[in-house]
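Shown next, in structure tokens, is the structure this report addresses.
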Amino acid sequence: MIIEESDFKLISSSDVDTIFDLELLHTVNPKKGEKRNEFKNVGYGMSLERCIKVITMYRLDKKESTYSLSSFLKAYKEECAEIKKLINL
């Protein structure tokens, strides 16, 4: 089974377990040619909860490189809420 959104893929590690391999979308800048986006594996055998945490941190890192503690916690909660919306559909 594959669960895919615009910036990540969760690939089931087995048919009977809730363990996933996680791929995140990264921009590749080759020496020759144009930039392109491709999925790269960032973790094997991860629980769904762990995948959600990694996706949240990935998305926050894409938005800004520096946060104050309060702004990080606020952004983290907001991003978790966005991902939970996907789960609760």
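Counting from 101, one number per residue, gives the positions in the sequence shown under our numbering. Cβ coordinates follow ideal geometry from the N, Cα and C atoms, glycine included.
Whole-number beta carbon distance between residue j and residue i, since they are thought to touch under 8 Å
| i | j | result |
| --- | --- | --- |
| D107 | L122 | At roughly 11 Å, the Cβ-Cβ gap does not stay under 8 Å, so D107 and L122 are not in contact. |
| I222 | I183 | Residue 222 is absent from the model: the chain starts at 101 and stops at 189. |
| E98 | R159 | There is simply no residue 98 to check, as the chain begins at 101 and stops at 189 in what is shown. |
Bounding residues of the alpha helix (DSSP H) (the contiguous stretch that carries residue i)
| i | result |
| --- | --- |
| Y176 | 169-187 |
DSSP bridge partner residues for residue i (one or two, in chain order)
| i | result |
| --- | --- |
| T127 | N137 |
| E104 | K109 |
| G212 | A query on residue 212 cannot be resolved here, the shown segment of the chain reaching from 101 to 189 and no further. |
| D121 | I111 |
Where the beta strand (DSSP E) through residue i begins and ends
| i | result |
| --- | --- |
| E149 | Premise fails: E149 lies in the alpha helix (DSSP H), 148-163, not in any beta strand (DSSP E). |
Decide if the stretch 130-147 is in contact with the stretch 161-171; the criterion is three or more beta carbon pairs, one per stretch, under 8 Å apart.
no
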